[in-house]
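To start, the structure under review is shown below, and the notes come after it.
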């Protein structure tokens with residue numbers, strides 16, 4: 001989620017109809033500034049978190065967890081090609097392919113967003129000494145609610161993202177402190193001791209041949225051609241261990257990204273894989289379906305159902 005809210009360049013408002021340039025800091029990450037920021041976020045079903053985000057222009061970003069205490073000692077470095085995750089408690093460094101290598105472009109994201117949301121400017125002001133504009137995105141599927149973005153007008157930073165469902169709201173992203181600097185002012189290297197265990201994760205591997213994927217998985221994954229609430233699949237992949245992978249579908253509606261996972265399920269086993277809990281079991285194939293993403297329950301259920309066999 002952090003990467004979706006960091007910079008892409010400068011902009012100026014046009015006639016008020018085209019918000020593509022305004023929303024680029026929300027739609028993608030291109031490491032287009034050097035800065036250090038303190039960020040607080042909360043989810044609908046999780047406690048608030050506090051992280052320090054350090055970005056170096058054209059090099060990447062580092063995320064250091066501060067709160068909750070269970071996340072302290074965890075740092076993440078992503079340079080747009082490779083993602084490194086270090087846990088001090090486990091003294092373990094995990095490396096995998098960066099999600100940014102298959103992330104849709106800003107223009108692709110905006111085209112999807114326009115199909116699924118109505119945008120309007122709802123205000124201007126200042127945040128942390130910087131001029132900002134507020135943009136409201138109201139989903140055409142009422143179940144998805146609306147989101148208000150507070151974005152810098154001269155710095156490519158999303159200062160706040162607030163999500164509304166009915167009369168309730170959560171602030172999924174708020175920049176509490178912002179320090180802009182020169183490219184050589186900030187350090188994004190991970191402090192990993194030489195004694196750390198190292199684990200290079202398999203993939204994510206893009207699926208180009210469904211027959212190949214079937215051979216690896218032990219089943220043919222159900223891949224829907226149409227999804228509810230305006231979501232579309234932008235990547236189909238094998239993830240996990242190379243010797244025992246599972247299927248991942250990356251979905252977006254232009255503003256929100258979620259992930260659906262499928263794996264072979266053995267009756268009586270714990271319906272969980274890599275800390276991903278099964279939301280449904282496809283009994284026709286003995287396949288578990290997991291879901292990761294912050295959307296309303298009704299939307300999640302609709303997306304999960306789309307990955308069930310037609311006989312279910």
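Residue numbers (my numbering): 1 to 312.
Don't be surprised by glycine CBs; every beta carbon is placed ideally from N, CA and C.
Identity of the residues DSSP links to residue i by a beta bridge
i, result
"residue 92", "87, 197"
"residue 131", "126"
"residue 323", "A query on residue 323 cannot be resolved here, the shown segment of the chain reaching from 1 to 312 and no further."
"residue 78", "61, 83"
"residue 232", "252"
"residue 137", "119, 147"
"residue 281", "288"
"residue 223", "Its beta-bridge partners do not exist; DSSP assigns none."
"residue 206", "237"
Close-in-space but distant-in-sequence residues of the same chain around residue i (CB under 6 Å, 5 per side omitted)
i, result
"residue 130", "152, 155"
"residue 74", "65, 87"
"residue 223", "none"
"residue 341", "Residue 341 is absent from the model: the chain starts at 1 and stops at 312."
"residue 116", "140, 230, 253, 254"
"residue 235", "102, 250"
"residue 162", "148, 169, 171"
"residue 288", "263, 265, 271, 278, 281"
Sequence-distant residues of its chain with Cβ nearer than 7 Å to residue i (five each side left out)
i, result
"residue 60", "31, 77, 78, 79, 80, 188"
"residue 276", "261, 290, 292"
"residue 182", "34"
"residue 57", "31, 32, 33, 34, 183"
"residue 67", "49, 50"
Spatial neighbours of residue i in its chain, beta-carbon cut-off 8 Å, leaving aside the 5 residues before and after
i, result
"residue 259", "248, 249, 250, 251, 291, 292, 293"
"residue 39", "2, 50, 51, 52, 53, 173, 174, 175, 176"
"residue 228", "141, 299, 302, 303, 306"
"residue 179", "35, 36, 37"
"residue 193", "91"
"residue 71", "49, 65"
"residue 197", "90, 91, 92, 93"
"residue 15", "Here the model assigns residue 15 a pLDDT of 35, short of 50, so the residue's position is not dependable and the matter cannot be decided."
"residue 195", "91"
Reference residue i; option with closest CA among the options
i, options, result
"residue 110", "256, 127, 287", "256"
"residue 301", "280, 137, 195, 141", "280"
"residue 95", "271, 202, 208", "202"
"residue 114", "84, 19, 198", "19"
"residue 166", "145, 136, 212", "145"
"residue 254", "270, 231, 148", "231"
"residue 199", "70, 24, 92", "92"
"residue 33", "48, 55, 23, 27", "55"
"residue 104", "24, 271, 82", "24"
"residue 63", "191, 163, 118", "191"
"residue 246", "182, 274, 226", "274"
"residue 119", "108, 134, 106", "134"
task: Kindly confirm or deny that the stretch 152-172 and the stretch 42-59 touch, where touching means at least three C-beta pairs closer than 8 Å.
output: yes
- request: Enumerate, from N- to C-terminal direction, the unbroken alpha helix (DSSP H) stretches of 4 or more residues contained entirely within the stretch 243-277.
  value: none
query: Does the count of Cβ pairs from the stretch 260-269 and the stretch 294-301 closer than 8 Å reach three?
result: no
Whole beta strand (DSSP E) elements within the stretch 146-184, 3-residue minimum: 146-152, 158-165, 168-180
message: Check whether the stretch 213-222 and the stretch 178-188 touch, using three or more Cβ-Cβ pairs below 8 Å as the test.
response: no
- prompt: Looking at C-beta atoms only, is the number of pairs between the stretch 125-144 and the stretch 98-108 that lie closer than 8 Å three or more?
  reply: no
- prompt: Enumerated in chain order, which unbroken segments of the beta strand (DSSP E) with a length of 3 residues or greater are wholly contained in the stretch 21-55?
  reply: 35-41
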